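Right, one structure below, let's go through it.
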Amino acid sequence: DAKTTQPPSMDCAEGRAANLPCNHSTISGNEYVYWYRQIHSQGPQYIIHGLKNNETNEMASLIITEDRKSSTLILPHATLRDTAVYYCIVRANSGSARQLTFGSGTQLTVLP
Amino acid sequence: GAVVSQHPSRVICKSGTSVKIECRSLDFQATTMFWYRQFPKQSLMLMATSNEGSKATYEQGVEKDKFLINHASLTLSTLTVTSAHPEDSSFYICSASFRLAGIETQYFGPGTRLLVL
C-alpha cells in the first residue's frame with residue numbers, strides 16, 4: 001500500500017512556480033521523503049529528498065511540515081519540459097524497507 | 001554523476017524466445033540494483049532486488065524461473081525474460097543504489113520497452 005497521497009493531476013502556467021503537495025501522515029521517524037518524476041516513456045528521475053529540514057537543490061525545493069505529515073515540492077519556474085508524473089515516496093534509509101514503492105503520482109502539465 | 005544505462009532501449013521478439021536486458025551503473029558502483037516493470041497507464045511495480053554476488057530477491061507473484069536476474073559485478077545487472085509471451089510486453093526499468101553521506105538514493109535507467117509478438 002502506498003504511504004503517500006497526492007492529487008492525480010495539476011496544471012501550472014509556464015514560468016510560474018509549481019507547488020506539488022503530498023500527504024504522508026503515517027510517516028515513521030526514520031523515513032525520508034523522496035521525490036521522483038517520470039517524463040513520458042522514460043525512466044524516473046531523482047529530484048530531491050529530505051528528512052525533516054527543508055531542502056533545495058538545482059532542480060527544486062522541498063518543504064516538509066514540522067510534524068512531517070506532509071510536504072510540498074516546489075519547482076520555482078516551471079517550463080514545458082517539467083511536464084511529467086511526479087511521485088512522492090517515503091522510505092527508510094536502511095533495513096528491508098529500502099525499496100521504493102511508487103503510487104499513482106501527480107500528473108503535472110505545464111501550460112504555455 | 002549517478003548515471004544508469006540500459007540496453008537495449010527497445011526490443012521486439014517472437015513468442016517463446018528469450019530476451020536479455022542489461023543495466024549498468026556508469027560512474028558508480030552499486031551493490032544493489034532493482035528491476036521494475038510498468039504497464040501502460042500504470043505505475044512502476046518492483047519485480048526484484050538484485051544484490052551483487054548473491055541471488056536476487058523476487059516480489060510476490062514474480063516468477064524467478066521466468067525472470068532470471070544476474071548481478072555479476074558492481075556495475076552490471078542483467079534481466080533475462082525467458083520464453084517470452086505477449087503478456088510479458090511491458091516497459092522494464094532498472095535502478096541502482098548510490099550511497100552518499102550515509103543516504104542511499106536510487107537512480108534509474110531509461111527503461112527498455114519489450115514487445116512480444
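Protein chains in written order, with this note's numbering: chain F, 1 to 112; chain L, 1 to 117. The beta-carbon is built from N, C-alpha and C at its ideal position, and this holds for glycine as well. On a predicted model such as this, the values are computed, not experimentally measured, just so you know.
Closest Cβ-Cβ distance between F:D1 and chain L: below 9 Å?
Bear in mind that the predicted position of F:D1 carries a pLDDT of just 48, short of 50, making it too unreliable to give a figure here.
Same chain only: Cβ atoms within 6 Å of L:F39, ignoring 5 sequence neighbours per side:
S90
Within 7 Å of chain F by C-beta, residues of the stretch 30-60 of chain L in sequence order
F34, S43, L44, L46, T49
For L:R24, which of helix, strand or coil comes out of DSSP?
Correct three-state label for L:R24: strand.
Put L:P8 into one of helix, strand or coil per three-state DSSP.
Judged by DSSP in its simplified three-state form, L:P8 adopts coil rather than helix or strand.
Could you confirm whether any beta carbon from chain L is found closer than 9 Å to the beta carbon of F:N23?
False, the Cβ-Cβ gap to chain L never drops below 9 Å.
Is any beta-carbon of chain F found at less than 9 Å from that of L:G109?
yes
Compare the C-beta of L:A96 against all C-beta atoms of chain F and say whether one is closer than 9 Å.
no
So L:E22 contacts chain F; which residues on that side make the cut at Cβ distance below 9 Å?
Residues of chain F with a Cβ closer than 9 Å to the Cβ of L:E22 do not exist; the shortest Cβ-Cβ separation is about 14 Å.
Is it a yes or a no for the stretch 21-32 of chain L touching the stretch 70-77 of chain L, going by three-plus beta-carbon pairs under 8 Å?
yes
L:G111 burial status per 10 Å Cβ neighbour count (16 or more: buried)
buried
Helix, strand or coil, according to DSSP, for L:E104 in the structure here?
strand
Using a Cβ-Cβ cutoff of 7 Å, what residues of the stretch 15-40 of chain F are near chain L? List them in chain order.
none
Using the Cβ count rule (16 or more neighbours within 10 Å means buried), how would you classify L:G53?
exposed
Neighbouring residues, chain F, relative to L:I12 (Cβ below 8 Å)
Correct list: empty, because the minimum Cβ distance to chain F is about 16 Å.
In this structure, how does DSSP classify F:R98 when only helix, strand and coil are distinguished?
helix
Using three-state DSSP, classify L:D65 as helix, strand or coil.
Of the three classes helix, strand and coil, the one that applies to L:D65 here is coil, per DSSP.
Secondary structure at L:H71, three-state DSSP: helix, strand or coil?
Residue state, collapsed to three classes: strand.
Three-way DSSP call (helix, strand, coil) for L:E52 in this model:
Secondary structure of L:E52 (DSSP, three-state): coil.
For F:T56 and L:S95, I'd like the C-alpha separation in whole angstroms.
The alpha-carbon atoms of F:T56 and L:S95 are separated by roughly 23 Å.
For F:R91, report the span of its beta strand (DSSP E) as first-last.
Where F:R91 is concerned, the enclosing beta strand (DSSP E) stretches over 84-92.
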